[in-house]
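J.: In order, the protein sequence lines correspond to chains A and B.
Counting in numbering that gives the first Met the number 0, the first sequence runs from 0 upward without gaps.
Counting in numbering that gives the first Met the number 0, the second sequence runs from 0 upward without gaps.
So that we are looking at the same thing, I have put the structure below in structure tokens.
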Amino acid sequence: MIVTRGLTKRYGRTVAVDAVDLEVREGDRYGFLGPNGSGKTTLVRMLLGLVYATSGEIEVLGQPVPKRLADVLPDVGALVEGPAAYPHLSGRRNLALLDAAGRHRGRRTRRRRIEEALERVGLAGVDRRPVKAYSLGMRQRLGLAGALLDRPRLLVLDEPTNGLDPQGIKEIRELLLELNRDGTTVFLSSHLLAEIEQLCTRVGIVDHGRLVLDGEVAALRAATGRVLLRTPDPAVAAAVLDGHLEHRDGEHLVVRYADAAELNTRLVSAGVRVSDLREEHRTLEQVVLEVTSHGSDRFGGTR
Amino acid sequence: MIGVELRKLALRPRVWVSVLLLCLLPAIVAVFLATADFAPPPGQGGAFLSAVVNDGSLYPAAALALVLPLFLPIAVAVVAGDSVAGEASGGTLRYLLARPAGRTRLLTAKLVALAVYVTAAIAIVVLTSLVIGILLFGTGAEAGPGGQTAQVVTLSGTSLSSSSLALRLLGAVAYIVLSMLGFAAITMFLSTLADSALGAALGGLAVLITSSVLETLDAAAPVKPYLPTHYWLSWLDFFRDPVLWHNIDRGVLLQAGYIVVFFGAAWANFATKDVTS
Numbered sequence: 000m001i002v003t004r005g006l007t008k009r010y011g012r013t014v015a016v017d018a019v020d021l022e023v024r025e026g027d028r029y030g031f032l033g034p035n036g037s038g039k040t041t042l043v044r045m046l047l048g049l050v051y052a053t054s055g056e057i058e059v060l061g062q063p064v065p066k067r068l069a070d071v072l073p074d075v076g077a078l079v080e081g082p083a084a085y086p087h088l089s090g091r092r093n094l095a096l097l098d099a100a101g102r103h104r105g106r107r108t109r110r111r112r113i114e115e116a117l118e119r120v121g122l123a124g125v126d127r128r129p130v131k132a133y134s135l136g137m138r139q140r141l142g143l144a145g146a147l148l149d150r151p152r153l154l155v156l157d158e159p160t161n162g163l164d165p166q167g168i169k170e171i172r173e174l175l176l177e178l179n180r181d182g183t184t185v186f187l188s189s190h191l192l193a194e195i196e197q198l199c200t201r202v203g204i205v206d207h208g209r210l211v212l213d214g215e216v217a218a219l220r221a222a223t224g225r226v227l228l229r230t231p232d233p234a235v236a237a238a239v240l241d242g243h244l245e246h247r248d249g250e251h252l253v254v255r256y257a258d259a260a261e262l263n264t265r266l267v268s269a270g271v272r273v274s275d276l277r278e279e280h281r282t283l284e285q286v287v288l289e290v291t292s293h294g295s296d297r298f299g300g301t302r
Numbered sequence: 000m001i002g003v004e005l006r007k008l009a010l011r012p013r014v015w016v017s018v019l020l021l022c023l024l025p026a027i028v029a030v031f032l033a034t035a036d037f038a039p040p041p042g043q044g045g046a047f048l049s050a051v052v053n054d055g056s057l058y059p060a061a062a063l064a065l066v067l068p069l070f071l072p073i074a075v076a077v078v079a080g081d082s083v084a085g086e087a088s089g090g091t092l093r094y095l096l097a098r099p100a101g102r103t104r105l106l107t108a109k110l111v112a113l114a115v116y117v118t119a120a121i122a123i124v125v126l127t128s129l130v131i132g133i134l135l136f137g138t139g140a141e142a143g144p145g146g147q148t149a150q151v152v153t154l155s156g157t158s159l160s161s162s163s164l165a166l167r168l169l170g171a172v173a174y175i176v177l178s179m180l181g182f183a184a185i186t187m188f189l190s191t192l193a194d195s196a197l198g199a200a201l202g203g204l205a206v207l208i209t210s211s212v213l214e215t216l217d218a219a220a221p222v223k224p225y226l227p228t229h230y231w232l233s234w235l236d237f238f239r240d241p242v243l244w245h246n247i248d249r250g251v252l253l254q255a256g257y258i259v260v261f262f263g264a265a266w267a268n269f270a271t272k273d274v275t276s
């Protein structure tokens, strides 16, 4: 759905995006993760033909961008750096203007498509108040409705849950999952780990314009080979597991052991009571912190 | 796309306020003229003002002469300056382009919508001032303030039939629209450069003022024929008898040049620009 090769964008001497090779496959829920100022938005803008690349190639939906932009964009729904609307007009009117600005999908179906999109994002019953009277969350929903107007095959969303309350975030997540089940590929750019972790199947991590890591979320969150154990008999357990024990803190023990089930058998047969036992997985946060440096919004001395 | 741009203009309160203000100035002047019992002597005050007291049907021409030098360009600068920079600062530009609206298509639609706005604004000014003129001064067929019946008189002193007057008025309106579009193209180009609509509008007005200042400067004589405002007042020549085409022709050519050059520059800039707003 999205392929970039050696994609680079320079603004003067600053390199915003640096030789990024990205691949998003059909049906993916792809999380594009990186600290603030790492080049996420610039990349998203290049995918949509808003910003022109300095060098490298982009293919969206199998077509070169920006060359065949006019053929590509009707099938792409986008939310870039927050929603935008004409503040003095109502949400419906905004959507109607946006819809008419595209190369026509038909004036007759416009009303129906607008109502459908509003319903999907939970704004079906919204009144005629102008957008300037909308809350941040309502604006975000309206922006999403705009992205969904044409039932796109690909959704490119930049921080889509910005400004929503926990309930709203959950709703949007469920909406995206539902759309994805129906075949929409979702490309989600965010600096919110939790958002990506809960929604995405694949993740690409950017830092200072470079794609530093790219893979299945499940694979990145591989077992660390350690087992976390809690027992009321820590001293006995420590004796039994001598050589495997890495760390001990009261009832909590960290044990280097490949097979958790076997470890359990061994402990129980030695008479150790086990109140909690689980394999340690890397969190996405650990993965991210390992491969990224400080965001570019930090201007402290380097330590 | 042109429809979308027109609807955006029509749904914008400030556009209607600008039209209202354009109509208001001639109305105020008319009220003052009607309440004073003397006509301004010929050659003083705005063009036609001495003549309209005798015949209200000439008042639209006087109204145009009143709004053209400053009011109309300000309104045009505000709308043209807002055209691209306003969408950019509101964030709607990126959604229009991602729709996709197409950059060239969007810019062309904006220029056409602007032309429609200028035409409509002038038409409304002409119509309201015609009504006001006839209400306050009567038509030439009735007795004028001097007690004598008079026909519409050209600037050259000859009389005009009403059909001829209508044709001349139409020609003048078309000429003014074209003059405004030349100026609008300059402001629109600035609008593709600037980040703020206000900045672009002020830039346009700065061009206007510079041009007007140079116009009064003898030392600037070599560049005068190329100043955007140089032939603006030549629409008055439609009301001479016979119509004095010399300056009108040059004015049309000059404004067409400004439109081509600056709309071309606006297009070249906008089509290759990184939209980061």
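No residue lacks a Cβ here, since even glycine has one placed at the ideal position from N, Cα and C.
(1) At a CB-CB cut-off below 8 Å, which residues of chain A make contact with residue 7 of chain B?
(2) Using a cut-off of 7 Å between C-beta atoms, extract the partners of residue 187 of chain B located in chain A.
(3) Kindly identify the DSSP beta-bridge partner or partners of residue 59 of chain A.
(4) Between the alpha carbons of residue 238 of chain B and residue 244 of chain B, how many angstroms are there, rounded?
(5) So for residue 261 of chain B, helix, strand or coil by DSSP?
(6) With H, G and I counted as helix, E and B as strand and the rest as coil, what does DSSP make of residue 212 of chain B?
(7) How should residue 37 of chain B be labelled, buried or exposed, when 16 other C-beta atoms within 10 angstroms of its C-beta is the threshold for buried?
(8) Mapping the DSSP letters down to three states, classify residue 230 of chain B as helix, strand or coil.
(9) Using DSSP with H/G/I as helix, E/B as strand and the rest coil, what is residue 89 of chain A?
(10) Return the chain-ordered list of same chain residues with a C-beta closer than 8 Å to the C-beta of residue 120 of chain B, the five sequence neighbours on each side being excluded.
(11) Measure the alpha-carbon distance for residue 112 of chain A versus residue 120 of chain A and round it to whole angstroms.
(12) Label residue 194 of chain A either buried or exposed according to how many other C-beta atoms from any shown protein chain fall within 10 Å of its C-beta, with 16 as the threshold for buried.
(13) Start and end of the alpha helix (DSSP H) containing residue 108 of chain B?
(14) Counting pairs of beta carbons, one from the segment 202-220 of chain A and one from the segment 46-55 of chain A, are three or more of them closer than 8 Å?
(15) Quick check: what's the CA-CA separation for residue 66 of chain B versus residue 213 of chain B?
(16) Less than 9 Å between CB atoms is the rule here; does residue 145 of chain A satisfy it with respect to chain B?
(17) How is residue 284 of chain A classed by DSSP in three states: helix, strand or coil?
(18) Does the beta-carbon of residue 164 of chain A have 16 or more other beta-carbons within 10 angstroms, so that it is buried, or is it exposed?
(19) Taking C-alpha atoms, which residue in B:208, B:198 and B:242 lies nearest to residue 229 of chain B?
(20) Taking the C-alpha atoms as reference points, what is the distance between residue 236 of chain A and residue 258 of chain A?
(21) Any beta carbon from chain A within less than 9 Å of residue 149 of chain B's own beta carbon?
(22) What number of angstroms, rounded off, separates the C-alpha of residue 171 of chain A from the C-alpha of residue 89 of chain A?
(23) For residue 67 of chain B, list the residues DSSP reports as bridge partners.
(24) Would DSSP call residue 245 of chain B helix, strand or coil?
(25) For residue 215 of chain A, does the three-state DSSP call read helix, strand or coil?
(26) Which same chain residues end up closer than 6 Å to residue 25 of chain B when comparing Cβ atoms and leaving out the 5 residues on each side of it in sequence?
(27) Assign residue 183 of chain A to buried or exposed, taking buried as 16 or more other Cβ atoms, counted over all protein chains shown, within 10 Å of its Cβ.
(28) Can you list, in chain order, the residues of the segment 42-61 of chain A whose Cβ is nearer than 8 Å to any Cβ on chain B?
(29) Rounded to the nearest angstrom, what separates residue 116 of chain A and residue 162 of chain A at their Cα positions?
(30) Which of the three DSSP states is assigned to residue 224 of chain A in this structure?
(31) Say whether the segment 71-78 of chain A touches the segment 7-17 of chain A, bearing in mind that this needs 3 or more beta-carbon pairs closer than 8 Å, one atom from each stretch.
(32) Rounded to the nearest angstrom, what separates residue 191 of chain A and residue 32 of chain A at their Cα positions?
(33) Can you name the start and end residues of the beta strand (DSSP E) that residue 181 of chain B belongs to?
(34) Does residue 267 of chain B have its Cβ less than 9 Å from a Cβ in chain A?
(35) Could you compute how far the alpha carbon of residue 126 of chain B sits from the alpha carbon of residue 160 of chain B?
(36) Please report whether the beta-carbon of residue 6 of chain A lies at a distance below 9 Å from any beta-carbon of chain B.
T.: According to the structure data:
(1) Within chain A, the residues near residue 7 of chain B are 85 and 96.
(2) Here the premise fails: no neighbours, minimum Cβ distance about 18 Å.
(3) DSSP, once it has assigned bridges, lists A:1 and A:62 as partnering residue 59 of chain A.
(4) 11 Å
(5) helix
(6) Residue state, collapsed to three classes: helix.
(7) Looking at its Cβ environment, which holds fewer than 16 other Cβ atoms inside 10 Å, residue 37 of chain B is exposed.
(8) coil
(9) strand
(10) 17, 18, 21, 71 and 74
(11) About 13 Å.
(12) buried
(13) 102-136
(14) no
(15) C-alpha separation (whole angstroms): 21 Å.
(16) Residue 145 of chain A counts as touching chain B.
(17) helix
(18) exposed
(19) B:208
(20) 16 Å
(21) In this predicted model, residue 149 of chain B has a pLDDT of only 45, less than 50, meaning its place in the structure is not dependable enough to derive any value.
(22) Taking the CA atoms as reference points, residue 171 of chain A sits about 22 Å from residue 89 of chain A.
(23) Answer is none; residue 67 of chain B lacks a bridge partner.
(24) helix
(25) strand
(26) 62, 65 and 128
(27) buried
(28) 44, 47, 48, 49, 50 and 51
(29) 20 Å
(30) strand
(31) no
(32) 8 Å
(33) First-last for residue 181 of chain B: 161-192, but that is the alpha helix (DSSP H), not the beta strand (DSSP E).
(34) no
(35) 19 Å
(36) no
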